[in-house]
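Trainee: Read in the working numbering, the sequence shown has 560 at position 456, and its numbers run on one by one without any break.
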Amino acid sequence: MIRRERKQIGPHRGPGPKSRERCLWPWAAWLRVCMAGLAVLAGLALPAVAPSPAWAVTNGNAYVANYTASSVTVIDTTTNTPITTIGVGANPNSIAVTPDNAHVYVSNRGSNTVSVIDTTTNSVSTTITGFTGSLQGIAIAPDGLHAYVITFSGLVYVIDTTTNAIVGSPITLAGGADPRFLAITPDSKFVYVTELGLGQVQVIDTTSNSITTTITGFTQPTGIAITPDGLDAYVADFGTNTVSVIDTTTNTIVGSPIAVGLAPYGLAITPDGTQVYASNVNDGTVTAIDTSTNTPTATITIGAGSSNYKLAVTPDSTRVYVTDFTTSSVSVIDTTTNTVSTTITGITNPFGDAIAANASASLSIGKSHTGHFTQGQRGTYTITVGNTGPGPTNGSTVTVHDTLPTGLTATRLTGTGWNCTRSTLTCTRSDVLAAGNSYPPITLRVHVSCTAPSQRTNTVTATGGGDNTTHTATDPTTVRRSERCHRHEHDRW
């Protein structure tokens with residue numbers, strides 16, 4: 105017996121057409137067998153803001169910093185509607201999310217504090233103080249152990265995310281640095297800080313918390329993002345309307361600068377590593393860059409008079425959320441078409457944004473039987489549905505649908521707590537299934553026709569519960585020939 109599961113995107117196939125078979129039983133009778141089958145306008149000064157890295161998984165919420173309202177708006181990325189607003193410190197300008205998606209860290213420029221939001225309750229659980237100078241960018245190491253926050257005065261503070269306390273003395277950047285953004289390598293070993301005032305990027309070793317390298321060759325570097333494989337760092341150069349690429353192995357600029365729109369500020373890389381998006385604040389556009397060729401592939405217009413500073417990408421790489429300070433909105437870019445699909449309002453002068461996960465369910469399904477089946481006799485399949493995701497099912501209907509091959513006919517379909525319909529070979533339920541648990545099994549009994557081939561494969565699917573994927577399991581079944589079936593058939597003819 106072999107079991108295997110595969111994931112399939114799209115609608116499931118329903119039962120196939122009915123077929124009729126003839127089989128002579130030892131007691132002589134004809135039987136029917138059915139087939140169950142996510143500006144700086146000219147003349148305006150650059151804002152003291154910084155990036156918001158997008159850490160998350162599918163089915164997340166977008167957290168958007170409302171600079172003048174001193175709050176954070178939470179957007180449901182499924183419906184693209186604001187669901188709540190959380191009061192934080194004064195003038196929040198940058199947001200980062202822990203890798204486990206449990207907390208959102210918000211740097212507040214006006215109050216020189218960091219607000220920590222519990223994503224379960226969407227409320228501030230801790231306010232961290234003790235910083236000197238106006239806070240700008242914030243980022244969290246991929247290992248989740250530390251948050252790094254920079255100040256306008258050129259200091260980098262390290263926060264222990266377990267205790268939410270500042271660790272040691274701040275790291276001092278070069279004088280006049282005017283740091284804007286920071287990004288951390290996937291192995292959490294290095295922090296890259298862009299310094300607009302000096303036209304350079306400095307690299308911090310997180311083991312010693314000391315500056316190890318200074319990379320020059322920029323005019324006014326702002327946004328920075330590191331590829332998922334950690335090999336390249338993309339840097340927006342506000343002063344030259346370009347994006348440059350740093351080889352993180354040699355810490356040197358490689359290739360020619362990539363021309364983008366006017367005054368690129370924020371950068372974001374899709375989690376699949378294929379695209380870089382640059383927000384161009386002086387012309388209200390976003391440039392998409394193909395990372396395999398380092399060439400622009402699209403220019404997306406956000407709107408006339410827009411000042412789109414920051415971006416965050418959904419975990420499935422299908423949407424980019426762009427904050428627009430001037431119009432108090434967030435634009436959603438569809439990465440398949442590179443067009444704006446939705447504009448979300450109800451936000452106040454947004455700067456930073458990030459996407460955090462709602463811990464969601466991931467269904468699993470298995471199908472098994474014992475031994476072999478025999479022509480003219482009964483057989484039994486057992487179907488199991490589990491939840492391998494980090495969160496529970498959401499209370500929506502979970503549907504199991506079986507497709508029997510020719511030669512097998514369902515005689516019984518049952519399972520504790522399941523609502524089963526034998527005629528459609530479908531079972532449903534809506535009770536919440538916790539992460540790591542399984543529903544009671546479903547039992548499917550079948551009759552094996554006298555003409556069933558020697559090898560049959562049964563297929564079953566599971567959908568719903570907040571999981572958007574169709575999960576499929578197959579169970580190849582050996583059918584043995586029945587001498588009794590065929591002896592009587594021979595005698596009859």
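Ideal Cβ positions, reconstructed from N, Cα and C, are used throughout, including at glycine.
Using a Cβ distance threshold of 8 Å, determine whether the stretch 359-366 contacts the stretch 409-427, with at least three qualifying pairs required.
Mentor: No, because fewer than three Cβ pairs between the stretch 359-366 and the stretch 409-427 fall closer than 8 Å, the two stretches do not touch.
Trainee: On the three-state DSSP scale, how would you describe His-476?
Mentor: Counting from one through the sequence shown, the residue named residue 476 turns up at place 372. Coil, per DSSP.
Trainee: Among the residues of its own chain, which have a CB less than 6 Å from the CB of Ala-140, if the five just before and after it don't count?
Mentor: Numbered from 1 along the sequence shown, position 36 holds the residue referred to as residue 140. Low confidence applies here, because Ala-140 scores a pLDDT of 27, under 50, leaving its location unreliable; read the following figure in that light. Around Ala-140: Pro-119, Leu-508, Ala-514 and Leu-529.
Trainee: Given a cut-off of 8 Å, decide if Gly-370 and Gly-388 are closer than it, judged by their beta-carbon atoms.
Mentor: Looking up residue 388 in the sequence shown gives position 284. Looking up residue 370 in the sequence shown gives position 266. Cβ atoms of Gly-388 and Gly-370: not closer than 8 Å.
Trainee: Exposed or buried, Cys-589, counting other C-beta atoms within 10 Å across all chains shown (16 or more means buried)?
Mentor: The count along the sequence shown starts at 1 and reaches residue 589 at position 485. When all chains shown are included, Cys-589 counts as buried.
Trainee: Compare the beta carbon distance of Phe-235 and Tyr-261 with 8 Å and say whether it is the shorter of the two.
Mentor: Counting from 1 along the sequence shown, the entry for residue 235 is found at position 131. Counting from 1 along the sequence shown, the entry for residue 261 is found at position 157. Cβ distance < 8 Å, so Phe-235 and Tyr-261 count as in contact.
Trainee: In its own chain, which residues sit with a C-beta less than 8 Å from the C-beta of Pro-361, not counting the 5 before and 5 after it?
Mentor: Residue 361 sits at position 257 when you count from the first residue of the sequence shown. The answer, listed in chain order, is Asp-341, Thr-344, Thr-346, Val-347 and Ser-348.
Trainee: Does the beta-carbon distance from Thr-289 to Thr-326 come in below 8 Å?
Mentor: By 1-based counting over the sequence shown, the position of residue 289 is 185. By 1-based counting over the sequence shown, the position of residue 326 is 222. Result no, Cβ atoms of Thr-289 and Thr-326 do not sit closer than 8 Å.
Trainee: To test your reading of the DSSP string, which unbroken beta strand (DSSP E) runs of 3 or more residues are found completely within the stretch 185-216?
Mentor: Counting only runs of 3 or more, we get 185-191, 196-201 and 207-212.
Trainee: Do you know offhand how far Ile-469's Cα is from Val-502's?
Mentor: Counting from 1 along the sequence shown, the entry for residue 469 is found at position 365. Counting from 1 along the sequence shown, the entry for residue 502 is found at position 398. The alpha-carbon atoms of Ile-469 and Val-502 are separated by roughly 11 Å.
Trainee: To the nearest angstrom, report how far apart Phe-322 and Ala-281 are at their CA atoms.
Mentor: On the sequence shown, residue 322 is found 218 positions in, with the first residue counted as 1. On the sequence shown, residue 281 is found 177 positions in, with the first residue counted as 1. Answer to the nearest angstrom: the Cα atoms are 13 Å apart.
Trainee: Pair every Cβ in the stretch 205-221 with every Cβ in the stretch 169-177, then say whether three or more of these pairs are closer than 8 Å.
Mentor: Because the criterion of three Cβ pairs below 8 Å is met, the stretch 205-221 and the stretch 169-177 touch.
Trainee: On the CB-based measure, 16 or more other CB atoms within 10 Å of its CB, does Ser-273 come out buried or exposed?
Mentor: Counting from one through the sequence shown, the residue named residue 273 turns up at place 169. It counts as exposed.
Trainee: Quick check: the stretch 199-208 against the stretch 472-482, are at least 3 beta-carbon pairs closer than 8 Å?
Mentor: They do not touch, by the three-pair rule.
Trainee: According to the Cβ coordinates, are Ser-238 and Thr-255 closer than 8 Å?
Mentor: Numbered from its first residue, the sequence shown carries residue 238 at position 134. Numbered from its first residue, the sequence shown carries residue 255 at position 151. For Ser-238 and Thr-255, yes; Cβs fall inside 8 Å.
Trainee: Find out if the Cβ-Cβ distance for the pair Asn-572, Leu-537 is shorter than 8 Å.
Mentor: The residue given as residue 572 occupies position 468 in the sequence shown. The residue given as residue 537 occupies position 433 in the sequence shown. Cβ atoms of Asn-572 and Leu-537: not closer than 8 Å.
Trainee: Leaving aside the five residues before and after Thr-224 along the sequence, list all residues of the same chain whose C-beta is less than 8 Å from its C-beta, in chain order.
Mentor: In the sequence shown, the residue the question calls residue 224 occupies position 120. Correct list, in chain order: Ala-206.
Trainee: For a quick check, are the C-beta atoms of Val-380 and Thr-395 less than 8 Å apart?
Mentor: Locating residue 380 in the sequence shown gives position 276, where the first residue counts as 1. Locating residue 395 in the sequence shown gives position 291, where the first residue counts as 1. Yes, these two residues count as a Cβ contact at 8 Å.
Trainee: Pull up the CB-CB distance for Ile-330 and Thr-352, whole angstroms please, since I reckon it's below 8 Å.
Mentor: If you number the sequence shown from 1, residue 330 lands on position 226. If you number the sequence shown from 1, residue 352 lands on position 248. Sure, about 7 Å apart at Cβ, within 8 Å.
Trainee: Going by DSSP, what residue range makes up the beta strand (DSSP E) through Arg-585?
Mentor: Your numbering for residue 585 matches position 481 in the sequence shown. Note, Arg-585: premise wrong, no beta strand (DSSP E); not H, not E.
Trainee: Leaving out five residues before and five after Leu-517 in sequence, what residues of the same chain have Cβ atoms less than 6 Å from its Cβ?
Mentor: The sequence position of residue 517 within the sequence shown is 413, counting from 1. Excluding sequence neighbours, Leu-517 sits near Cys-524, Arg-526 and Leu-548.
Trainee: Taking all protein chains shown into account, do 16 or more other C-beta atoms lie within 10 angstroms of the C-beta of Arg-585, making it buried, or fewer, making it exposed?
Mentor: Residue numbering aside, residue 585 sits at position 481 when the sequence shown is read from its first letter. Exposed.
Trainee: Exposed or buried, which one is Ala-269 when buried takes at least 16 other CB atoms within 10 Å?
Mentor: For the purposes of this step, residue 269 is taken as the residue at position 165 of the sequence shown. Exposed: under 16 other Cβ atoms inside 10 Å.
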